[in-house]
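Numbering (our numbering), first residue to last: 5 to 468.
All C-beta atoms in this analysis are idealised placements derived from N, C-alpha and C, irrespective of residue type, glycine included.
The model shown is predicted, which means the values in this text are computed figures rather than measured ones.
A quick write-up on the structure given underneath.
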Ligand SMILES: Nc1ncnc2c1ncn2[C@@H]1O[C@H](COP(=O)(O)OP(=O)(O)OP(=O)(O)O)[C@@H](O)[C@H]1O
Ligand SMILES: [Mg+2]
């Protein structure tokens, strides 16, 4: 699939005049575009059926309804493909009409090569951005730069730096919460594909009967409920990166289908006889032991070999304790900024407590613990960390007796009161309660469970 040769984009040039068509085509090809030609509306649509273009460049005045007709029909059948219209001075008003019909831009003839190039690049870029935004909306922390300074962490970053620019498949392994998703995003950001879409799919979240449609897309009418054409993840990631997260949860039946794409670089949308070929860099991650899964028949060996080209193993947090103070400071600053407070420091004993703890939930657990601690803390020094209930605090030797149990109990009590007050103040609306507390709504769920608060009952009977 990925041939390693960065191309500039696939352009379909549509003009009924052979000379104009050919010279435009040659000019764009010499500037690195992948060019295809069509001499009218019908032949352009036939080409679109066969290939998926990044942009269509069409003359305005042509037989068969001309550029305007083409804009309308491309919009209807391939809404994600931008159309740029070429127009003479005398027909600017028709070009504007094309914009209303959904053309993404127009260029005046005779078009200077550099101006044309710019418009085409912009049209393709807006397409890529649109697609990426669709995928990244609500996932701002995906863009965060990972923090760390331990040798183990530096080694991971070094590997990423050297593999990112290649098109090799990357498999990221590591315990839950070690930062695999953040690193996958970094591989994309440091690659030549960084401006193309980055598509992340959690394999654990796709119902088994939806696999084909989700990954390969479908044509309208392919099955009951397929009311419109739909692009799958592979097509959406075209020219970019497809990150298959939690790949260990991929059902065997889906593994066979993915293997075919990985081997042949092409697939069929459901209900589509034509094969679609894509240029996609694959990445995968899992916290399960894939080799064991292979040995026990849960994961196909052939697919494993295909994914296991470059392997990045992210060490658990307990094996890179040098990162803990830095990460703690990072999360403390982040949470404090959100709460509009100044960032507290950690006392020496608190840092010792942090580095002695085993962090089975890794960086995620550390982040959550810091968030809880900061929310409940007063003053500018944090003396002790609020570890998750059920977690075993590290033994503290001689100091075990004067461990801050009472303080902890008092804080717990106060925490419960504050959560209850927020629920009361929001009339039981969780989103609002979370806002009042300055925490994510999903973390509110954690506090409710922690204190055994049934928010629904609370609103029904006792809104205070
Ligand atoms: N080095 C880091 N710097 C800053 N934040 C980090 C770092 N590593 C992880 N995080 C944060 O910790 C949380 C968990 O990270 P991430 O989702 O990447 O883990 P994961 O390995 O994919 O976990 P899982 O296997 O459970 O999916 C995220 O909120 C992420 O932003
Ligand atoms: Mg993950």
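Query, Result
"Outcome for residue 17 when other beta-carbon atoms lying within 10 angstroms are tallied against a minimum of 16", "buried"
"Straight-line Cα distance separating residue 218 from residue 30", "37 Å"
"Alpha helix (DSSP H) segment containing residue 447, residue limits", "445 to 454"
"Distance cut-off 6 Å: residue 195 Cβ against heavy atoms of ligand 1", "no"
"Residues whose Cβ lies closer than 7 Å to any heavy atom of ligand 4, in chain order", "Looking at this structure, you won't find ligand 4 anywhere; what it does contain is ligand 1 and ligand 2."
"Through-space distance from residue 110 to residue 432, alpha-carbon basis", "53 Å"
"Three-state secondary structure assigned by DSSP to residue 21", "coil"
"Cβ-based neighbour list, residue 39, same chain, cut-off 7 Å, excluding 5 preceding and 5 following", "15, 17, 29, 32 and 33"
"Coil, strand or helix - residue 140 by DSSP", "Caution is warranted here: a pLDDT of 44 is assigned to residue 140, below 50, making its placement in the model unreliable, and no coordinate value can be reported."
"Cutoff 8 Å; reference residue 77; Cβ partners in own chain excluding five residues on either side", "45 and 49"
"Assigned secondary structure, residue 206 (DSSP; H/G/I helix, E/B strand, else coil)", "strand"
"Near ligand 1: residue 291 beta-carbon under 6 Å from a heavy atom", "yes"
"Test item: CB-CB of residue 156 and residue 320 under 7 Å", "no"
"Rounded straight-line distance, which links the Cα of residue 449 to that of residue 325", "29 Å"
"Backbone secondary structure at residue 35 - three-state DSSP", "coil"
"Distance, residue 171 Cα to residue 416 Cα", "50 Å"
"Minimum C-alpha distance to residue 346 - residue among 381, 307 and 454", "381"
"Beta-carbon spacing of residue 279, residue 250 below 7 Å", "no"
"8 Å Cβ shell around residue 373 - same chain, five flanking residues per side excluded", "389, 390, 391 and 392"
"Residue 181 Cβ short of 6 Å to ligand 1 heavy atom set", "yes"
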